[in-house]
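Read the structure below first, then the notes.
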Amino acid sequence: MLKQVEVEKLHKYDLLAGELSQIHGAKITIIPIVLTWDGIVSKFYKSYMERLKLDASTRSYIQSLTIKKTLETMLVEHKHGVEIEKHEEQVSRATNHLLKLVRETTDPPDLPEDVSHVSYEVLEEENTQIQCNGSKRRRIIQIS
């Protein structure tokens, strides 16, 4: 499936790359980065990152954006009646994986050791907010 998505990205941006090449007279290279919200990558991901010279913290940031956008999509689906409870374990695993990546690249003092005890719920329909109940803390995260 990841290979199919890579090929779709190549086809999607091929026309744009051709136009940019003609306009600016530059060589255009398309690098199809495919990253799922739970950290699954294609077998070419590492070589793509080396070509782009992206460090681990940048890759972690990209994955955090992927998780955020996936969560936003899940909230929209939830509002329209699609059940997301069956994915709760996957969300927890992906969040733990992201925390591990962040810890490897930086030393943030305020990260929990494990987020399997954290629960997420939609608080308000008008302004999308998520209540995050963890140990000793309650955070409300505004999703914009």
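In my numbering, the protein residues as written are 982 to 1125. Every residue, glycine too, gets a C-beta built ideally from N, C-alpha and C. A quick note: this is a predicted structure, and the numbers were derived from the prediction, not measured.
Report the residue from V1057, V986, D1036, L996 whose alpha carbon sits nearest the alpha carbon of K1024. V986
Indicate the three-state DSSP secondary structure (helix, strand or coil) for V1022 in the structure shown. strand
For V988, report the span of its alpha helix (DSSP H) as first-last. 983–1005
Collapsed DSSP secondary structure at L1016 in the structure displayed: strand
Hey, L983 and V1015: beta-carbon distance below 8 angstroms or not? yes
Just to check, is the beta-carbon of L997 closer than 7 angstroms to a non-hydrogen atom of the ligand SAM? Inclusion of the ligand SAM in the displayed structure is not the case, the ligand content being empty and no account of it being possible.
With DSSP as the reference, label I1048 as helix, strand or coil. helix
To the nearest angstrom, how far is the alpha carbon of M1030 from that of T1039? 10 angstroms
Mind reading off the beta-carbon distance from I1012 to A998? Whole number of angstroms is fine, and I expect it under 8 angstroms. With a Cβ gap of about 11 angstroms, I1012 and A998 do not count as contacting.
Among D995, E1000, G1020, K1027, the one whose alpha carbon lies nearest that of L1046: G1020
For L1001 versus I1009, is the C-beta spacing smaller than 8 angstroms? yes
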